[in-house]
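**Q** I'd like to ask some things about the structure below.
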Amino acid sequence: MKYEEVIAITKENLELIFPGLEYTSLDMEGANVVLYSKESHKFLEDQEKIKKLAQSIRKRIVVRPDSSSLVDEEEAEEKIRKIMPEGVSISDIFFEHDSGEVLIEVDDPERIQGYDSQIMANIRKEVKWAPRIIRTPPIKSATIKMVREFMKAESEERRKFLRDLGKRISRDPLPGENYVRLTCLGAWREVGRASSLLMTKNSKIMIDCGLDPAAIDTDDPASGAPYLNAPEIWPLNSIDGVVLTHAHMDHGGFLPYLFNIGYDGPVYLTAPTRDLLLLLLMDYVKLGMSENRKVPYKMDDIRKLIRHTVTLNYNETTDISSDVRVTLRNAGHILGSSVVHFHIGEGFHNLLMSGDIKYMNSWLFNAADSRLPRVETFVTESTYGGRNDFQPTRQEAGERLAQIVRLAAERKGKVLVPVFAVGRSQEVMLVLEEKYRLGEIPKVPVYLDGMIYEATSIHTAYPEFLNSNLRDLITRKKENPFLSEIFVRVDAPDTREEIVSDVGPLVVLATSGMMNGGPVMEYFSNWANDERNFLVFVGYQAEGTTGRRILSGAKQLNIRRNDGLKEVKIALTVESVDGFSGHSDRRQLMKYIEALEFKPKRILVNHGDAKNAVEFSRALSMKFGVDSYAPYNLETVRLR
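Each number in the numbering used here comes from the position in the sequence shown (counting from 1) with 67 added on.
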């Protein structure tokens, strides 16, 4: 439906459904129809009428207070505190000007359950702001605060951007025969720099735009990019949107560069993915500057990216172009990670992109969601899709890690665990906390270096994305494992120097996970020549990374430091503890496909080295009797 038609029908139906109620403006912001009114609370009193209005135009209706009616922030906060029941502790109140919402952080939201609707109605009536009650995070996140303040400062720019986006989404479809094609821009027959371009008659949608973790140490800062010079993506204003599956750098690390070279469209993602992405991107730029390494974008490009984000909830279907609707579902990989379902046309084709997927309950997340509507084409990762890629259970992995910690303590040695700040670090923390609480490892300090503590704080801010057991521990039982006494935050270079020279047994979790830079290298270069120590890998090590070279048996490395190259001899014990991976192994990938209600007619295999991708593709074809193929980078596959 065209933009003008949507607005006209909405206005006509408003008069019929809400006679006598006035509104100040009506427009599309992104895929939503947004109504602004000085009497927004009256519109929201009858949700059935709102649903009826939404059904009449097949669009989501959002009712917001007109900015001229909003009570001053200071006065509004005072009134909100008076309205809230006695005994409810408010930790913070934050006003979002672009949405007209007021976020009310309370320690115990359960205290107002049962009469929260009346409280909400009273707040709307008294201050006009739209209230949203959220739980106070156990660990305050500087990143989330930064995002909120940035969005507040950019509220007018964002509103203009969203209105322009709404008009683009509702434009007239082009005449002619429809089609669906997928161009492979990165992470096809390789791991890293994930990117693909979905093309239809009317639309171009990019999925992910990551960097190659093995290429970040070269003189050419763009050498680790996807094939962004492919003709299919140009001109950049022909791209209707980017969908980001999750925050890891090999999937989102080159997004700011896309804005640097001229893209100014939307990026669709979950809220925790947005926050984690900002944290990782800022660290990447800062780390590059500290190591005198060229990076392909600047902080301004990151800010531009955040300004153009559009957050989606799981299981929320949204129009992202005139003929493509998208639904994000839990992928079980890291916080906010998504399996992406594209519905193209009116039932013309359905594409499912796995992103990085974990089809097993983990210490952090529920297994990837396989309850999906129709799927004709499935694009699956194959990181661990090889013939012999079977991972041990989480329990076996936890016990092996505990054995190493016990042995290191007996030797009076140190355990260094290179981790990704997001995902693996939190899983290792949960295991170490449990083993300590049960008396299965001695009380040794566990130092968290790099972005791990801040990434963990973001996890605690989104308990609804965690599995039910962990969510219950954090929110109800007040037994937050991330706040255990064994964890020590490293927040200054002086602290790091003290840890390096510490003679006692200890554990350090430090970034980066593949040892291509970051604080982990400081510990490694000082501890590598001591045979009492352990280096424990718990995540995938890509070809060309320092981690892969060590895991392959290197006994000596030249490590780049600020004062030049340092020769490091490796005498410590190198271990790889499988079972912590956020990727499905071969068995789990097969089970995920079996669990899909509608079996795909075609499967494309990506995100695995060439051998794994090709072998897994053949196995899928034999097992499921479908057309399965592992394309090369720069190939374009016609899906329909």
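Cβ coordinates follow ideal geometry from the N, Cα and C atoms, glycine included.
Would Arg215 and Ile171 be called neighbours here (beta carbons separated by less than 8 Å)?
**A** No.
**Q** Kindly indicate the opening and closing residues of the alpha helix (DSSP H) around Leu499.
**A** Leu499 -> alpha helix (DSSP H) spans 491-504.
**Q** Beta-carbon within less than 7 Å of Pro586's beta-carbon, same chain only, minus the 5 sequence neighbours each way: which residues are those?
**A** Around Pro586: Asp516, Gly517, Arg563, Ala577, Thr578.
**Q** Please identify the residue among Thr267, Leu229, Val489 whose C-alpha is closest to the C-alpha of Pro242.
**A** Checked all of Thr267, Leu229, Val489; the closest Cα to Pro242 is Thr267.
**Q** With a Cβ-Cβ cutoff of 8 Å, do Thr210 and Ser158 count as a contact?
**A** The answer is no: Cβ separation not under 8 Å.
**Q** Once DSSP output is grouped into helix, strand and coil, what is the label at Gly649?
**A** DSSP places Gly649 in coil when its eight states are reduced to three.
**Q** Which residues does DSSP list as the beta-bridge partners of Glu634?
**A** According to DSSP, Glu634 bridges with Asn625.
**Q** Identify the continuous alpha helix (DSSP H) that holds Tyr590 and give its terminal residues.
**A** Per DSSP, Tyr590 belongs to the alpha helix (DSSP H) from 587-594.
**Q** Using a 10 Å radius around the Cβ and a threshold of 16 neighbouring Cβ atoms, would you call Tyr699 buried or exposed?
**A** By the neighbour-count rule (16 or more Cβ atoms within 10 Å), Tyr699 is not buried but exposed.
**Q** Check whether the stretch 391-400 touches the stretch 428-448, taking contact to mean three or more Cβ pairs, one atom from each stretch, closer than 8 Å.
**A** Cβ pair count under 8 Å is three or more, so yes.
**Q** Among Gln114, His416, Gln623, Phe601, which residue has its Cα nearest to the Cα of Val641?
**A** Residue Phe601 is the option with its Cα nearest to Val641.
**Q** Measuring straight from C-alpha to C-alpha, what distance separates Ala143 and Val194?
**A** If you take the alpha carbons of Ala143 and Val194, they lie about 5 Å apart.
**Q** Is Leu249 helix, strand or coil by DSSP?
**A** Looking at Leu249 - three-state DSSP - the assignment turns out to be strand.
**Q** Give the secondary structure of Tyr699 by DSSP, where H, G and I count as helix, E and B as strand, and everything else as coil.
**A** Note: Tyr699 maps to coil in three-state DSSP.
**Q** Give the secondary structure of His674 by DSSP, where H, G and I count as helix, E and B as strand, and everything else as coil.
**A** The answer is coil: DSSP assigns His674 none of H, G, I, E or B.
**Q** Using beta-carbon positions only, say whether Gly277 and Asp317 come within less than 8 Å of one another.
**A** Yes, they are a contact pair.
**Q** Considering only their Cβ atoms, is the gap separating Val498 from Leu468 smaller than 8 Å?
**A** Result yes, Cβ atoms of Leu468 and Val498 sit closer than 8 Å.
**Q** Mind checking Trp301: buried by the 16 CB within 10 Å criterion, or exposed?
**A** Trp301 should be labelled exposed.
**Q** What are the residues that DSSP puts in a beta bridge with Arg556?
**A** Its beta-bridge partners are Leu515.
**Q** Contact defined as beta carbons within less than 8 Å: I believe Leu656 pairs with Thr447. What is the distance between those atoms, to the nearest angstrom?
**A** That pair is a contact at about 6 Å.
**Q** Alpha carbon to alpha carbon, what distance is there between Tyr103 and Asp367?
**A** Rounded to whole angstroms, Asp367 to Tyr103 spans 31 Å at the Cα level.
**Q** Just to confirm, are Pro240 and Asp390 a CB contact at a threshold of 8 Å?
**A** Their beta carbons are under 8 Å apart, which means Pro240 touches Asp390 by this criterion.
**Q** Starting from Ala220, follow the alpha helix (DSSP H) in both directions and report where the run begins and ends.
**A** Unbroken alpha helix (DSSP H) run through Ala220: 209-220.
**Q** If we ignore side chains and look at the alpha-carbon of each, how far apart do Glu702 and Leu120 end up?
**A** When rounded, the distance between both Cα atoms is 44 Å.
**Q** Which of the three DSSP states is assigned to Pro293 in this structure?
**A** If DSSP states are grouped into helix, strand and coil, Pro293 belongs with coil.
**Q** What is the rounded straight-line gap between the Cα of Leu663 and the Cα of Pro440?
**A** Near 9 Å, if we compare the C-alpha coordinates of Pro440 and Leu663.
**Q** Could you check what DSSP says for Leu639 in three-state terms: helix, strand or coil?
**A** Leu639: coil per DSSP, three-state reduction.
**Q** Roughly how many angstroms separate the alpha carbons of Val377 and Val635, rounded to a whole number?
**A** Taking the straight line joining both Cα atoms gives about 46 Å.
**Q** Report the CB separation of His164 from Ser222 in whole angstroms; it is logged as a contact under 8 Å.
**A** That belief holds up - the Cβ atoms of His164 and Ser222 are roughly 4 Å apart, short of 8 Å.
**Q** Quick check on Met689: buried or exposed, where buried means 16 or more other Cβ atoms within 10 Å of its Cβ?
**A** Burial call: exposed.
**Q** Quick one: what's got a C-beta closer than 8 Å to Leu347's C-beta in the same chain, skipping five residues either side?
**A** If we look at Leu347 and ignore the five residues flanking it on each side, its Cβ neighbours are Ala314, His315, Met316, Gly319, Gly320, Ala488, Val489, Met518.
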